[in-house]
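Take a look at the structure set out below.
Residue numbers (the numbering used here): 5 to 86.
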């Protein structure tokens with residue numbers, strides 16, 4: 005569960021750095037994503053792809069609230085593993 009959370013955080017940080025220049029805003033978005041009960045449940049059940057998809061929905065919503073950029077793409081962790 006902890007390793008999957010680290011993997012998800014790494015993925016989210018990579019996506020956010022490309023989309024949001026303000027570190028404080030990225031931090032707020034990341035915390036909101038990590039506090040999400042559904043994401044926690046998926047990670048506990050070792051369902052990384054489902055947790056990632058939920059995270060993308062949250063990231064996309066938060067990014068849209070702070071900017072008018074294109075939607076976040078789901079690539080199932082490839083960015084996080086590089």
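For every residue, glycine included, the Cβ atom is placed at its ideal position computed from N, Cα and C.
Excluding five sequence neighbours on each side, which residues of the same chain lie with their C-beta closer than 7 Å to the C-beta of residue 66? Locating residue 66 in the chain shown gives position 62, counting from the first residue. These residues qualify, in order along the chain: 33 and 36.
Under a Cβ-count criterion, where at least 16 other Cβ atoms within 10 Å of its own Cβ denotes burial, should residue 27 be classed as buried or exposed? As a position in the chain shown, residue 27 is number 23, starting the count at 1. Burial call: exposed.
I'd like the span of the alpha helix (DSSP H) that includes residue 48, first residue to last. By one-based count along the chain shown, residue 48 stands at place 44. 41-48 is the extent of the alpha helix (DSSP H) around residue 48.
Reference residue 40; option with closest CA among 20, 24 and 12: Walking along the chain shown from the start, residue 40 turns up at place 36. Residue 12 is the option with its Cα nearest to residue 40.
Is residue 86 helix, strand or coil by DSSP? As a working mapping, residue 86 is identified with position 82 in the chain shown. Reliability fails at residue 86, whose pLDDT of 42 lies under 50, so the model's placement of it is uncertain and no value is given.
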